[in-house]
Each structure stands twice: as structure tokens, then as C-alpha cells.
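Report on the following structure.
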Amino acid sequence: MTAMLNVKDLRAYYGQVQALHGLSFSLNEGSLTTLLGANGAGKTTTLRAICNMVRSTGAIEFEGKPIGTRSTENVVRLGIAHVPQGRGTFTTMTVEENLQLGAITRTDKKAIVSDIERMYAHFPVLKQRYTQQAGTLSGGEQQMLAVARALMLRPRLMLLDEPSFGLAPLIVRDLFGILGKINREDKVTILVVEQNAQLALELADQAYVIETGRIVMAGNAKDIANNEDVRKSYLGY
Amino acid sequence: MELFVNQVLAGVATGAIYACMALAVVMIYQAIDHLNFAQGEMAMFSTFISWQLMQWGVPYWGSFVLTVGFSFVAGIAIERLLFKPLAKAPILTNVAGFIALYAIINSVAGLIWDFTIKQYPTPFGSSPFLGSQLISTHQAGMIGLTILMLVLLFFFFRFTRVGLAMRAAASLPESARLVGINTSWMIALGWGMAAAIGSVAGMMIAPVVFLEPNMMLGVLIYGFAAAVLGGLTSPFGAVVGGFLVGVFENLVGTYIPGVGNELKLPIALALIITVLVVKPAGLFGRPIIKRV
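Now the structure itself:
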């Protein structure tokens, strides 16, 4: 397997404050990787740095190309979809317009129409509400919409920032089931940042644990789940 | 009764101009959250360009189209050169930028074309419209052109991909970048469109107020009043606000003794303040529905 995303010595800053202290990791093509860590560990910052939404230094390579100096929209155009924390829903627009926006960089109109149908098949609740203002959807529905919007890009790599945040446990199960399916069937490489470590480790095949801006553990998701330190700190038993 | 109907129709006609200015103001406000104080001067300069073209022998509609095109490009250029560098600057810096732009355009127009008033032609003629004494063909033309422009804009924003991208960039810039929209160029495009809309307003009002560098001052203040009344977040509201303000201005001027032309501007300002106190979002400023 080849590395699709290679991050070396990533340091990120908010003003004078350094949030990442030389992070290195890589994602294999087709993998589903999770990045675990406590509040403030730097998980969100890592995702934001990949999309150049925060000032950072270090090398980020996507499919062999350095992307560190590209603007956010040009990173996205390479096929990297980012579902941000808080979902980033265009609340004043309809569900269907949100999906259209996900495909705004594409020019293949027919395929866009069939992709929207595909999203309705993945997420039937969106079909029932496609003319509705997206801000009126429930939290879970908005998260489905955010994932669907990201998939409309036909991404090679999808970054998800705490997709389980604020959702009922059953809905989280649903959502993670769909993510696994997308990873297997559509061959989308996925990097998911989570606080819900248990679920994330069940879903993922690779895992990294991050503490105060540094990677402290890396490996197979099963091994990490069985690690005693991780169990005590993140799984709570 | 005749006088009343007459004044209402005349109000609708000038209201069409206010509507255009309000629309231009709202387009830029949506893109960068600032009121463009130089919108009127940009429109005035465009109108002078069309006048100059006609002096050189270009027919009316030819110079009209060329001027709209010139204004679109000039609007983009102003954004790129002046306001893009100010994007992250504090509000006051931006306000200073707008005032500088106002002063520069006003003086340059005076320098090139001097401050004497000039006749400006109307393509619609000024005979009574459909034989009625109430409204002239020029006024009817102004109303028609405004409504046509509004319909075109509606279709642009509702049914084209660029329109959708512009709306997305205006409502949530960060999310817009995350779907691959170049938000910076969407702002420039908004400026270009606002300048083009303003140029139409200038060319339509010039036959009424005569062409000179200060001709848009009062018009812009009424445009602001219209935008505030309709809601700064709603292009549709801006247009409705424009027509309402036009009618209101005319009726107050006619029926309230003592309010002649001199006191018309304070009335616009009073209207702005009243709306901001009573209903800050304006008539059509959309309250965003949100569920957590």
C-alpha cells in the first residue's frame, strides 16, 4: 500500500500560540484512520492545517504533491473533502442546494444529478427534506447532510472533524456504519477525528493518538484499543 | 385624487432609481459587510463615461452597453486594488477607504468634465405614457428597466451555479472555501455587478437631475434608506424598499406643508434611524431559522 497523505514535522500556530509541535503521520490509500486525543490536543488544528486554514510549517504531501502552500479552495479541488466541526451547513439554503454546492467545482452535470440521487439513497431522510431550509434539520440530519455534501465532491480523501458531536448514540452508530460503507464501496480514504474513542477504534483500521500537539502512539486500531494506557485514558475501563 | 395618483406614480418612478442604488449597496454589503459610500460616485462616473461616448458619436444603446461593461470591469478593479488589501482591516479603515474613493472619483470627474450641469438624453422620450398625463414614457421606462434587471438577477442567483456560489460565499465564507469556491473572486464579482447596476441607475436618473459630479449624493442617501428599510440582507427587500421610499418621499413632499425639496434629505435620514430603532433587520431581512 502506498501513502496517500504524508505529513512531516507539522507545526501550527494561532497568533503567538503554537498548537502543533512537529506532528508526523501518513495515511494509506483506502484506509480508514482515526486521530484520537483529549480536548485541546490539536486534532482539529491538524485537519485545519491540511486544508491550510491555519498558519503552519512543515511538509504536507498529497499523492506525492506538496500542498502546504495551496489555498483552502485549491486543496479541496485536489479531491480532499473536509467536514468541519459544527458541520458548516449552509443553513439558509435548501438541502438540495447544499448538495449542489458540494459539487460546485465539478463540471459533469449529468453525473452530479445521479450523485445527488445516490446521496438520497445513502441518506433517505435527506430526500424527504430536499426543499427544506437546511437550518431546520435536526443535528443528526445536518451531520448526514454535511457528509453527503462532502461526498458530492467525489473526494479521494475525506477529513471528518468529530462527526459524532452532539448526536444521539443510535444516530452515531448509523453514521459510522455509513462511513465504513463509503470507505469500502466508494474507495474513499477517510481520516476521522473523534473523542468517542471506542466507536472510532471499532470502525478504523489505523489509529493515531495525539497529546498536546504531538503524536504519542500510532498503529493498528485493534492494537491501540487493547493498549492499557489508551484504555485507561480514553476508553475509561 | 388626481394629484395623489400622480405623486404615487412619480414616486414609483424615482423609487426605481433608489431601488437600483439600494440593490447595488446590498450586493456589496452581502459580500463584505460594509456599506459602500462611494456607490453613488461610481454610478456618476459611469454616467459621464456614457455621456462622453455619446459625445463621440456612439448611439445611446451602444454607449449604454459599453458603459455597463466598463462599470463591471471597473468595479472588479476597485475591489482588487483597494478593498482586497483591506479585507482584514478594522471597520474604520474600510470606511476611510470608501470616503477616499468617494473623494477621488468626485474630483476626477470634476477635473475631466468640470462641474457645470449637462443635459443627458433619455432613450424613452418624455411624452405622456400611453396617452396618460400621469407618467411620462421616461418614468415608465425607468420602472420597466429596473424590474427587468431584478428578474434577471433573481434568475441568476436562483438558477445558475455562479449565483449559487456567490450566495454561499456571502453567507458562510469558510464553508464555501471548503467546497472549493474561490470566495475572494466571488467578492470581486459582487463588486462588478454592483457597479454595473449602479451605472444603470445613474444613466436613468441623469435625464431627471441633470449630469454633474454631485448628482448622486441625494440619490445615494435615499438608496441607503431603501436598503435599510428593505433589510440589508435582502436584495428583494432593497428593491421593495426603493419603491416605498420613492413614494413616501413624494407624498411627504406634497402633503406636509413646509417640506419642500430642502427638507427631503432629512426625511430620508429620519427614515433610516426610525427603521434601525424599530425594526433593525428591515422589512425583509431574513431571520435565520436554526435548530440545534
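Sequences listed follow chains A and L, in order. Note that this note's numbering numbers the first sequence so that position 25 is 25, with each residue one more than the last. Counting from 1 along the second sequence, just add 1000 to a position and that's the residue number in this note's numbering. Built from N, CA and C at the ideal position, the CB exists for glycine as well.
Going by beta-carbon coordinates alone, are residue i and residue j separated by less than 8 Å?
i: L:A998; j: A:F90; result: In this structure chain L extends from 1001 to 1292, so residue 998 of chain L is not present and cannot be described.
i: A:T46; j: A:A204; result: no
i: A:R48; j: A:Y13; result: no
i: A:P155; j: A:A207; result: no
i: L:L1082; j: L:L1053; result: no
i: L:G1223; j: L:V1025; result: yes
i: L:V1219; j: L:G1230; result: no
i: A:L167; j: A:L191; result: no
i: L:L1211; j: L:I1105; result: no
i: L:K1084; j: L:S1184; result: yes
Report buried or exposed for residue i, applying the criterion of at least 16 other Cβ atoms within 10 angstroms of its Cβ.
i: L:T1067; result: buried
i: A:D115; result: buried
i: L:V1278; result: exposed
i: A:R184; result: exposed
i: L:M1216; result: buried
i: L:S1107; result: exposed
i: L:W1191; result: buried
i: L:G1015; result: buried
i: L:G1282; result: buried
i: L:Y979; result: One cannot answer for residue 979 of chain L here, as it falls past the ends of chain L, which runs 1001 to 1292.
i: L:T1146; result: buried
i: A:E141; result: buried
i: L:P1266; result: exposed
i: L:A1013; result: buried
i: L:I1078; result: buried
i: A:G219; result: exposed
i: L:S1071; result: buried
i: L:I1273; result: exposed
i: A:R87; result: buried
i: L:L1051; result: Per the sequence shown, residue 1051 of chain L should be read as Trp rather than Leu. Its Cβ being crowded by 16 or more others within 10 Å, L:W1051 is buried.
i: A:T72; result: buried
i: L:W1113; result: buried
i: L:M1001; result: exposed
i: A:S31; result: buried
Since residue i and residue j should fall inside the 8 Å C-beta cutoff, what is the C-beta to C-beta distance between them, to a whole number of angstroms?
i: A:T69; j: A:D161; result: 22 Å between Cβ atoms; not a contact.
i: A:V95; j: A:L145; result: 6 Å
i: A:A59; j: A:K110; result: Actually they do not touch by this definition, with Cβ atoms about 39 Å apart.
i: L:F1284; j: L:G1253; result: Rounded, the Cβ-Cβ distance is 25 Å, inconsistent with contact.
i: A:F176; j: A:L199; result: 6 Å
i: L:G1202; j: L:S1046; result: 5 Å
i: A:N52; j: A:V75; result: 6 Å
Kindly list, in the order they appear in chain A, the residues whose Cβ is closer than 8 Å to that of residue i.
i: L:A1168; result: F90, M93, L101, I104
Any heavy atom of the ligand HEM inside 7 Å of the beta-carbon of residue i?
i: A:R173; result: Among the components modelled here there is no ligand, and therefore nothing to report on the ligand HEM.
Give the residues of chain L in contact with residue i, contact being defined as C-beta atoms less than 8 Å apart.
i: A:P155; result: Per Cβ cutoff of 8 Å: no residues; A:P155 is ~10 Å from chain L at best.
i: A:R149; result: V1179
i: A:E211; result: Here the premise fails: no neighbours, minimum Cβ distance about 27 Å.
Cβ closer than 7 Å: which chain L residues qualify as neighbours of residue i?
i: A:R214; result: The premise fails here: A:R214 is roughly 26 Å from chain L at the closest Cβ pair, so nothing lies under 7 Å.
Along chain L, which residues have their Cβ under 9 Å away from the Cβ of residue i?
i: A:L97; result: First, the amino acid is wrong: residue 97 of chain A is Glu here, not Leu. The contacting residues are L1164, R1167, A1168.
(message) Counting only Cβ-Cβ distances shorter than 8 Å, please list the residues of the segment 1171 to 1184 of chain L near chain A, keeping chain order.
(response) S1171, L1172, E1174, S1175, A1176, R1177, L1178, V1179, G1180, I1181, N1182, T1183
(message) Residues of the segment 1148 to 1164 of chain L in Cβ contact with chain A at a cutoff of 9 Å, in chain order, please.
(response) R1161, L1164
(message) So if I threshold CB-CB distances at 7 Å, which residues from the segment 99 to 115 of chain A count as touching chain L?
(response) Q100, L101, G102, I104, T105
(message) Taking beta-carbon pairs under 7 Å, can you tell me which members of the segment 72 to 83 of chain A lie near chain L?
(response) T72, E73, V76, R77, H82
(request) Quick one: which residues of the segment 50 to 74 of chain A get their C-beta closer than 9 Å to a C-beta of chain L? List them in chain order. (result) C51, M53, S71, T72, E73, N74
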